[in-house]
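J.: Have a look at this one.
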Amino acid sequence: EPNIREVIAFPKNGRAEDPMLGAPSEVTEQQLKDVHIKLDILKKK
361 EPNIREVIAF PKNGRAEDPM LGAPSEVTEQ QLKDVHIKLD ILKKK
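If you count the sequence shown from 1, position 37 lands on 397 in this note's numbering, and the numbers rise without skipping.
Structure, rendered in structure tokens:
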């Protein structure tokens, strides 16, 4: 396999983060737009 992650499971840390990729991380509005995801966030009354 070209990618070691395809054959070996890399563990997450205690906070369920992947230190090798820095995931999860925040995304920009442009990144969401690129993959056609729209967030409808309700405002508090």
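Using N, Cα and C, we set each Cβ at its ideal position, and we do this for glycine too. Source: prediction; values computed, not measured.
Would a check of beta-carbon distances place Lys372 closer than 9 Å to chain C?
T.: Looking for chain C here will not work: only one protein chain is present.
J.: With DSSP as the reference, label Asp378 as helix, strand or coil.
T.: strand
J.: If I measure Cβ to Cβ from Lys372 and keep anything under 7 Å in the same chain, skipping five residues before and after, which residues do I get?
T.: Asp378
J.: Return the first residue and the last residue of the alpha helix (DSSP H) that Lys393 is part of.
T.: Glu389 to Asp394
J.: Does the distance from the CB of Leu392 to the CB of Leu402 come in under 9 Å?
T.: no
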